[in-house]
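Chemist: Numbering (my numbering), first residue to last: 15 to 141.
For each residue, glycine too, the CB sits at the ideal point set by N, CA and C.
Just so we're clear, the structure is a prediction, and the values are computed from it rather than from any experiment.
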Amino acid sequence: MKIAAIFITLAGFGNTASAVIPLQDSNEILGHWTLLSVAPGLKNAKIIENRDWEFTNDGRFITSGFNRHIHVTDRLEFKYRVENGKIVATDPGRPNKPQVYEIYEKNEDGSMILQGGVEGFYFLKKK
């Protein structure tokens with residue numbers, strides 16, 4: 015019985031790991047996106063966001079709109095690069111603590127889920 019429980023647990027981890035889609039380069043994420051919501055886990059309640067995200071071909075990641083943390087409309091700009099299949103964004107105020115994101119899911123309808131960063135999961139839609 016214990017062996018079956020261990021096998022089921024490991025099988026669950028295998029499915030999670032295989033969901034991550036490594037980026038070859040930034041072409042897959044370039045352009046404007048709408049951040050619809052965030053959540054600490056896929057099955058957790060989503061927090062509505064409605065912010066604009068833009069990945070530029072010169073390595074800038076720009077996010078703008080209402081910031082629910084500080085309750086104002088803002089515009090933030092970061093540098094980003096694709097490294098080992100992941101998006102690595104550098105916060106100018108925290109150069110030694112980059113935010114790392116992986117593509118968890120990307121669909122033909124223009125939706126994408128990123129995993130990582132501060133929030134956990136980011137649900138985006140291509141504009």
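What number of angstroms, rounded off, separates the C-alpha of Asp66 from the C-alpha of Asp88?
Modeler: Looking at the two C-alpha atoms, the distance is approximately 11 Å.
Chemist: Give me the Cα-Cα distance between Ile43 and Glu91, rounded to the nearest whole angstrom.
Modeler: Roughly 16 Å separates the two Cα atoms.
Chemist: Helix, strand or coil, according to DSSP, for Glu116 in the structure here?
Modeler: Here Glu116 sits in strand by DSSP.
Chemist: Taking the Cβ atom as the reference point for each residue, do Leu50 and Phe137 lie within a distance shorter than 8 Å?
Modeler: Taking 8 Å as the Cβ cut-off, Leu50 and Phe137 qualify as a contacting pair.
Chemist: CB-CB under 6 Å to Glu68, same chain, minus the five flanking residues each way: which ones, in chain order?
Modeler: Around Glu68: His46 and Ile76.
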